[in-house]
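The structure under discussion appears below in the form of structure tokens.
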Amino acid sequence: VCPVLCSGRGQYANGECQCTSRWKGKECQLREDECEVNDCNGHGDCVDGNCHCFPGYKGKHCEDVDCLDPDCSGHGHCVAGMCLCGRGWKGAGCAEPDSEAIRCLPDCSGHGAFDLQLQQCICDDRHTGPDCLQERCDLDCGTNGHCQGGECLCADGWTGKKCADRLCDPRCLEHGHCKNGTCLCIQGWNGKHCTLDGCPKSCNSHGDCSQKQGEWQCECASDWGGQDCSVPLENICDDGKDNDNDGLVDCADPECCSNKQCEGKQLCFSASDPQDILLRKQPPAVTASFFQRMQFLIEEESVQSYAHKSAFNVSLFWNRFNDSRASVIRGQVVNQGGQGITGVRVGVATDPMLGFTLTRDTGWFDLMVNGGGAVTLHLQRDPFRPAQRVVTVPWNEIVVIDRVQLTIDDRGGADTSKVLMCMDHDFDIMKPTVLTHTFQDGCATQSALLNESRVVQESLRIPGTDLNLVYHSSRVNGYLSTIELHLTPDKIPTALRLVHLKIAVEGILFEKTFEADPTIVFTYAWNRRNIYRQKVFGLATAMVHVGYQYSSCGNTIWDVQMVQLAGHDMPISEIGGWNLNIHHRYNFHEGILQKGDGCNVYLKQKSKVMVTTMGDGQQRPLHCPYCNGIAKNQRLLAPVSLASAPDGSTYVGDFNLVRRIKTDGSVQTVIELSESSVAYKYHLAVHPIDGKLYFSDPEKHQILRAISIDKIPDPRNNLEVVVGTGVRCLPGDRSACGDGRLARHARLSYPKGLAISSMGEIFVADGTNIRYVDTSGIIHTLIGDHHHKTHWKPLPCSGSIPLQKVALRWPKHLSISPIDNSLYILDNHMVLKLTQDRRLRVVAGRPSHCSSVITGTPEEVPNAETGDGMLASQVFLESPQSIAFGPNGDLYIAESDSQTINRVRVVTAADNKIQRFAGADLKCSCMDVQCECYSSDTLAINAKMSTISAITVTPDGRLHVCDQENVRIRTVMSPLPEQNAQNGEYEIVAPLSSEVYVFNRHGQHVSTRPVPTRPVPTVQIPHRHGKNVSTRSVPVGQTTYTFSYNVNTLNGKLSSVTDAAGNKLYILRDYSNQVNSIETTQGGMCRLQMSRFGMLSSFTTRDNIVTNFTYYGNTDALLATRTDSSNKSLVEKTYHYDQFGRLIRAVKPAIDKIIDIIDKIVEKS
């Protein structure tokens, strides 16, 4: 409430009274000489309108208690009317010295005196600090140290008087000297820390230690060899003597094969070099299959010869190879000194009709085989002892094996049978990160920098049209495919000494050794050609081996991963390295749609579909004499087991019948069991070497094998016993159930899951134990024992555990990784891996007694409930029933509770993350007859299934599922388009653009049309989230674009484009097929000039607007500059790349803009 008239002694303004002279107060009610509190609260006198307080009081109205001496004599502080004295003083006013307290004052470390007035230590000249303890130091130690005790104390990694010099690793002092952080090696030593011996034993005085490409190595004298020049070489080849004491005389010694005296000698015969063969041949077509590209190896007078020409004709020899599964094995055969051996005969031990090859003078050989399983190589050359090697070979790959060393006696072979645990190695921490980039994106209407793949994209609009020419730097030779590796974490074990790296891609072997260091990062670059210098189109598989060598361990611990690298793209429009944005190409071998705008669509990586391979939901009769024929037309009774064979066929355990679904779609009964003794659940496995079928019978306590799988006279008598006498093994058996004896005479407890390694070892889940039969037929117990079990101890929640301490609950399924031949065990809702050094670790699932490691809100962890995209070892598995490996090392896990959960999840080998692969969770139980638990052919992740009893994966990567309650075998596959049998065309539907792309039998784009209103037999490109994509209705038969070529062959070049209105774009070429102009039917014309290397260098429009381009290198074709000129302006762009062709900087001087692209690999990818 505003005061009324300010007591008549002032004016009211801005919410308060402005008093006239000689008046004051809120309402101007006091005279100037009056105090607001008349008596100053009895603690003072009012003088001229202000309170003057008595001693001991303070405040405007003397309302607060104060000390008699407010300063406390300068020796204390006044608090609530009392003086609090400092150290050494006492009294009401702190004016009296306290002699007793003075004796307890700080002694200032003997380097000063305590000042009572200042209440602090006063230090002498050479000391400082609150207690004078720190010695004064005036040295300048820079930013990497501090001064203490009259000297600089440097931070870790720094040294010198001013801490300005970098330190080297202590290992440098052994064979080098440090210069500002860089270890300079003495002669003969290599590596960052000079610990890699390049010239062992100073070349044994038989050679010179010299540098090549920055690395020290021995250059041996002509009569010495080996890495350390310690191996004498035969130099007199016609004296009948063993001059080098290696047991080989004259031409029997491979070193003499280059000598004239040994020309034409049988032991010196060798196969031709594959690259020399290819020099005489035309390069394979860009559409050639793997077999067509490798076919030259088995042609007449080439690399590989058949063994007995009189035994079979040429056509029979060729028919031994299956073009869909053909592969090549490469390797090197060396002697004990490491030199290559010439003339070693290499063939397949189990199939001599595949022929043989001979090693070349370098010891290398190339042999075509049929892939899909394990191949046993037989290597022989007199007088060396024969050797055999077992190799796991996928379909359509060039596999490089480890070096094979031949000896003339029993010496030289290290005993690798004893495997010791390496507890210094932590499998969870010491796991390399391996990254590749195969994804490409594009944006046809504008120029762009694609940061993820570090690619330059430039776009040119063709005047008078809505078409663009597009340049994509990833499609030129200078852009290399790379593998980025993070080999070690930030902290490494102290016992780690070396890290070994081996990369094999398309027959090329790369090896490198690193000294142990934290955060080792390395980039491997591949030129997108195979070992035979042929261009590789599509995707290539690279095997990456990373080995960790410890001072405390006898064996190197290896991590093996399989990754895919992008090869070359097929040529599309071929307009000086540029493409029309609406013109595409289809690589039908790889299922890759290459779009003209720079985008690649990998159809195999899109959403999978599930189809029915066998069964119609109705059960067959128990006795079924007509159950052979086309698989789609056959019924099942109770499918309980599956297994896949190297040739791609699938075996189905269908109650009393074991049936084989062949690659041609037919089915054949292999085994017929007695219906009175069939086990409710049994398991199948196929031997990877000979393809024979194995069968575990838990009721008979035996493992049996099919006698024949092809010509079967009587399926009821097609089994032979492999393991077990038929007598059950009981706990406490005195003979350990036959361990250490022939498997045929052993006793089994309850055999369940089977797995057979590439070496031929048979693993079986027998009761609570894991047992195996070695290649000599002797049975052993690998995990567990045969004692009475009194208790069971669960596995730890993390880490690994030695096999001796493992007690399994009830292992029921086994599988072996094709990548590293490791055994995987399904037990107690977890998948366990047997490591190389005989430990067991959890790779998927969590022990039930362990808490979840997934934390966060649903917003922070949106997939916490499903587990999608998380580490498989952090996710609980729901009723897992079966496991299987894909050819690329991905692990598939079937989960089924026969009610709401019937699904398959996949654990990717590259990152160990789990993702749903097939099967939808139901909202009702399949035990309820009203619940719909089956859906016909559909997207795999949306498929409904009921009781998954088994899964398997064939070598072509297709997953097969036993949908037991639906009485069907179902297959998950990539929806690749099928070739039209009449015209050889392929049709691909792109829902997002509502278009259908049509390609001829060469993969050339012939037309684009809108998606029709009625269904057509094409394959859609699924949406990346698996959702249905709506498309607009358009008339059937309308064509958006038609593409013509100058010749109707594989080598045809694009000559014209016609749109729906009949408008044409002509692409005119000269005699060398280089484009010199682009014209339209409306009279528009653009002139094009090409560089001498065939790249577009100039583009001139009808209005004389010129765009010029320059490129780096002769054939790299990486765009260097683009200059756009007109009558008014000149705009230039400049691009810079690293050694791998990745963009690192883009410069636009006209607008003063610089863009730097930094790419750094991180441990978590």
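Residue numbers (full-length UniProt numbering): 1 to 1165.
C-beta atoms are modelled at their ideal positions from N, C-alpha and C, and glycine is treated no differently.
Computed from a predicted structure; not experimentally measured.
Buried or exposed: residue i, going by 16 or more other Cβ atoms within 10 Å of its Cβ?
i    : result
S925 : exposed
E255 : buried
E865 : exposed
R853 : Position check: residue 853 holds Val in this sequence, whereas Arg was assumed. Exposed.
M610 : buried
G984 : exposed
I429 : exposed
C422 : buried
So the alpha helix (DSSP H) residue i belongs to, where does it begin and stop?
i    : result
L139 : It is not in any alpha helix (DSSP H) - L139 carries neither H nor E in the DSSP assignment.
S99  : S99 to I102
Q275 : P274 to L279
For residue i, does the three-state DSSP call read helix, strand or coil?
i     : result
F291  : helix
G110  : helix
H745  : helix
P1010 : strand
P715  : helix
D45   : strand
N912  : coil
G347  : strand
C6    : helix
F296  : helix
I941  : helix
Do you know whose CA, among the options, lies nearest residue i's CA?
i     : options                       : result
R1122 : V1131, Y57, N1114 and E987    : V1131
Q405  : I341, I948, I1144 and K608    : I341
S758  : N912, G372, S641 and Y1045    : G372
G760  : D45, H788 and I816            : I816
T1115 : M1095, L358, V1106 and I1105  : M1095
T1058 : S1098, N1048, H1005 and V1106 : H1005
A685  : H486, E675 and I703           : I703
T362  : L248, V286, C268 and N38      : C268
L173  : F514, Y548, A164 and W189     : W189
H425  : L297, D837 and T407           : D837
I783  : V764, G777, P796 and C797     : V764
I756  : R903, W810, C108 and S822     : S822
A748  : S696, V667 and L840           : Note that residue 748 is Leu in the sequence shown here, rather than Ala. Checking every option, the nearest Cα to that of L748 belongs to S696.
A670  : G724, P715 and F588           : Looking at the sequence shown, residue 670 is not Ala but Val. Residue P715 is the option with its Cα nearest to V670.
K923  : V393, A113 and T900           : T900
L279  : R22, C28 and R533             : R533
I1078 : F522, L467 and T725           : L467
H175  : G181, T195 and G160           : T195
N769  : H780, Q561 and V391           : H780
Along the chain, where does the beta strand (DSSP E) that runs through residue i open and close?
i    : result
I756 : P751 to I756
D766 : I762 to D766
Q18  : E16 to C19
M423 : Careful: M423 lies outside any beta strand (DSSP E) and carries neither H nor E.
C121 : Q120 to C123
Q702 : Q702 to A706
E215 : E215 to C220
R905 : N902 to V907
G76  : G76 to V79
So is the beta-carbon of residue i under 8 Å away from any non-hydrogen atom of the ligand HEM?
i    : result
E301 : The ligand HEM is not among the ligands present in this structure, which contains no ligands whatsoever.
Quick one: which unbroken alpha helix (DSSP H) runs of 4-plus residues sit fully inside the region 143 to 212? Chain order, please. 172 to 175
Please list the segments of the beta strand (DSSP E) lying wholly inside the region 621 to 676, counting only runs of 3 or more residues, in order along the chain. 639 to 644, 650 to 654, 657 to 661 and 666 to 672
Whole beta strand (DSSP E) runs in the region 434 to 500 with 3 or more residues, listed along the chain? 448 to 450, 455 to 461, 468 to 472 and 481 to 486
Can you check the region 559 to 633 for any beta strand (DSSP E) of at least 3 residues that lies completely inside it and give the ranges in chain order? 585 to 587, 592 to 594, 600 to 602 and 609 to 614
Within the region 505 to 561, note down every full alpha helix (DSSP H) run reaching 4 residues or more, in order along the chain. none
Please list the segments of the beta strand (DSSP E) lying wholly inside the region 358 to 394, counting only runs of 3 or more residues, in order along the chain. 364 to 370, 373 to 380 and 387 to 393
Runs of beta strand (DSSP E) lying entirely within the region 770 to 837, each at least 3 residues, in chain order: 779 to 783, 800 to 802, 813 to 816, 823 to 827 and 830 to 834
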